[in-house]
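Those protein sequences? They're chains A and B, same order as listed.
When we follow our numbering, the leftmost residue of the first sequence carries the number 147, and every step to the right adds one.
When we follow our numbering, the leftmost residue of the second sequence carries the number 152, and every step to the right adds one.
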Amino acid sequence: MLTSKATSDPRLPSNIFLHSNFRENTERMAGDLELKLLGSWASPFVMRARIALNLKGVGYELLKEVSGTKSELLLKSNPVYKKIPVLIHHGKPICESMIIVQYIDEVWAAAGPSILPSDPYERAIARFWIVYIDDKWFPPLRKMIVAKADNEETAEAAEQGIAGLQLLEEAFEKCSKGKDFFGGESVGYLDIALGCYLAWLKAVEKMHGVKLLDKEKIPLLVGWAERFCSADAVKELMPEVDELVEFAKMLRARLNAAATS
Amino acid sequence: MILGRMAAAGEEVKLVGRWASPFVVRVGIALNLKGLGYEFSHEERGKKSELLLKSNPVYEMIPVLIHDGKPICESMIILEYIDEVWASVGRSILPADPYDRAIARFWAAYIDDKFPSSLRTLRGLNEEAKAEAEEQLANALQLLEDAFPKCSKGKDFFGGETIGYLDIALGCYLGWIKAIEKMTGIKALDEAKTPTLVGWAERFCSGDAVKEVMPEADELIEFTKLIQAIMNAAPGRQNMHVSKNDR
């Protein structure tokens with residue numbers, strides 16, 4: 147339940163998001179919380195952190211990283227990978243999106259529902275599928291985002307993506323136990339991990355004329371995707387598919403320029 | 152060699168794996184730290200048992216922990232599971248503080264990003280690729296050397312007073328690192344460059360929980376020679392290497 151919310155276009159620099167569901171927090175400025183998130187609107191990984199912060203009703207300052215450049219703060223906070231998102235809490239940086247989500251769940255354990263499942267076996271299952279999603283399932287789809295044209299490689303990548311979604315459809319049935327989300331009644335760890343990719347999936351569908359989110363093949367996931375995208379903690383963060391298609395064009399152009407220079 | 156022990160009373164705990172795999176060693180160490188009895192189910196090289204295929208259908212890789220019939224896959228996920236299920240038993244594997252946990256998880260992910268491919272190359276037959284692998288390994292170890300003081304806060308291990316999550320994540324590779332040093336003459340853990348890690352490695356390997364499951368460098372060298380002989384006899388079989396089947 148949201149009591150106070152300042153919304154701004156996420157593409158404007160240095161937005162302050164006050165997003166709180168506890169009366170005590172409504173008067174706290176983002177600065178008091180000393181919570182900053184380095185990110186950008188197009189990154190699914192940044193979205194993960196923002197969904198988690200929304201679920202906990204925690205205010206933070208979004209520091210926008212411009213695509214193609216890396217700020218001093220980013221280089222200082224994540225010297226190993228130089229990548230977003232980075233959460234900076236009281237000056238201490240936390241890197242890697244799912245590590246950030248766990249950190250948020252642990253620090254703000256008392257605020258809002260648990261993001262990770264409470265049962266250790268269910269936690270292990272969620273963590274397993276997240277490794278699968280990031281290491282095996284998404285990489286072929288990322289290739290499709292930057293591919294110059296439709297070819298054998300993109301066709302194979304689409305097939306792999308669809309096969310992966312089939313596995314995740316079965317996983318959904320087991321994890322959700324008949325409820326709305328992988329996490330049960332509310333958006334949880336595995337929902338965030340997979341759901342952050344949905345806008346990009348739709349962009350890939352548009353760019354390559356493929357059907358990935360196919361109601362015939364993965365009815366449970368298609369239903370889940372609709373519910374996820376319309377969840378309070380998520381809907382303001384979902385980028386427009388057409389804007390992602392434009393962004394992908396820019397990424398491809400940049401990669402081509404780098405390849406030929 | 153790893154000896155399986157009787158399962159803890161009332162609980163079935165089974166570890167499916169192979170002694171040469173650092174990922175399996177991780178789980179063995181964690182179970183030892185918690186003082187847990189378990190049955191070790193040895194996976195033959197080049198074959199995948201019915202149990203493995205049934206327990207890990209997605210990757211068909213070791214280790215798999217089977218607890219009361221339920222399979223848990225991926226070594227670092229297994230570690231967190233062990234720490235959570237047996238939270239009141241033995242010492243905590245993960246740090247207590249959320250920030251320390253985030254740092255430990257970050258470095259564990261970094262280690263698995265850099266070490267398996269470097270080590271695989273260094274014990275393999277592709278000589279040309281070894282210089283780059285050596286450099287990647289050296290850079291990774293330097294970063295971890297620099298990270299040690301912050302994590303350990305002046306104590307003996309990344310986890311503080313006792314072995315923890317990050318110690319296990321890195322330490323499991325020490326058998327292979329020593330084997331590679333012997334086989335190639337490379338000095339991976341160098342007193343001159345990474346003195347803190349050298350001291351840490353000695354302490355890590357001498358712990359009871361580790362000694363029991365860590366393979367000896369000489370055993371691993373014999374194992375490598377065996378694999379290389381097989382690969383030389385059948386040159387088309389590229390994927391016979393240990394860690395391609397392990398996570």
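Beta carbons: idealized from backbone N, C-alpha and C, even for Gly.
Computed from a predicted structure; not experimentally measured.
So what does DSSP say about B:Leu-276, is it helix, strand or coil? In the structure shown, the three-state DSSP call for B:Leu-276 is coil.
Where the beta strand (DSSP E) containing A:Ile-234 begins and where it ends: Judged by DSSP secondary structure, A:Ile-234 falls within the beta strand (DSSP E) whose first and last residues are 232-235.
Buried/exposed call for A:Thr-300, threshold 16 Cβ in 10 Å: Buried, by the Cβ-count rule.
Give me the DSSP bridge partner(s) of B:Val-215. Looking at the DSSP assignment, B:Val-215 forms a beta bridge with B:Val-167, B:Cys-224.
Backbone secondary structure at A:Leu-359 - three-state DSSP: Note: A:Leu-359 maps to coil in three-state DSSP.
Which class does A:Gly-177 belong to by DSSP, given the choice of helix, strand or coil? Here the model assigns A:Gly-177 a pLDDT of 45, short of 50, so the residue's position is not dependable, and the following value carries that caveat. Helix at A:Gly-177.
Bridge partners for A:Met-376 per DSSP, in chain order? Position check: residue 376 of chain A holds Ser in this sequence, whereas Met was assumed. Under DSSP, A:Ser-376 shares a beta bridge with no residue.
Any heavy atom of the ligand GTP closer than 7 Å to the CB of A:Pro-263? The model depicted lacks the ligand GTP and carries no ligand whatsoever.
What residue does the alpha helix (DSSP H) around A:Glu-315 start on, and which one ends it? According to the DSSP assignment, A:Glu-315 belongs to the alpha helix (DSSP H) that extends over 298-322.
Distance cutoff 8 Å, beta carbons only. Does A:Lys-238 sit that close to anything in chain B? Chain B contact via Cβ: present.
Taking just the CA atoms, how far does B:Phe-355 sit from A:Ala-270? C-alpha separation (whole angstroms): 27 Å.
Which chain B residues sit within Cβ distance under 9 Å of A:Cys-241? Result: Ala-253, Phe-257.
Neighbour flag for A:Phe-393 against chain B, beta carbons, 8 Å: Between A:Phe-393 and chain B, the shortest Cβ-Cβ separation is not below 8 Å.
Taking 8 Å as the threshold, find out whether the stretch 183-199 of chain B comes into contact with the stretch 225-242 of chain B through three or more Cβ pairs. The stretch 183-199 of chain B vs the stretch 225-242 of chain B: in contact.
Is any beta-carbon of chain B found at less than 8 Å from that of A:Glu-252? With 8 Å as the cut-off, A:Glu-252 counts as an interface residue toward chain B.
Who are B:His-193's beta bridge partners in DSSP? DSSP lists B:Gly-168 as partners of B:His-193.
Answer yes or no: does any C-beta atom of chain A fall closer than 8 Å to that of B:Glu-225? With a threshold of 8 Å between beta carbons, B:Glu-225 makes contact with chain A.
Taking buried to mean at least 16 other C-beta atoms within 10 Å of its own C-beta, is A:Arg-408 buried or exposed? Since the first residue shown for chain A is 147 and the last is 407, residue 408 of chain A is missing from the structure and cannot be characterised.
Determine the chain A residues that contact B:Val-236 at a beta-carbon separation under 7 Å, and present them in chain order. Simply Pro-266.
What whole-angstrom Cβ distance do B:Val-176 and B:Val-364 have, given they're in contact under 8 Å? Contact holds; Cβ gap of about 5 Å.
Within 8 Å, do at least three Cβ pairs link the stretch 303-310 of chain B to the stretch 202-221 of chain B? Per the Cβ contact rule, the stretch 202-221 of chain B is not in contact with the stretch 303-310 of chain B (fewer than 3 Cβ pairs under 8 Å).
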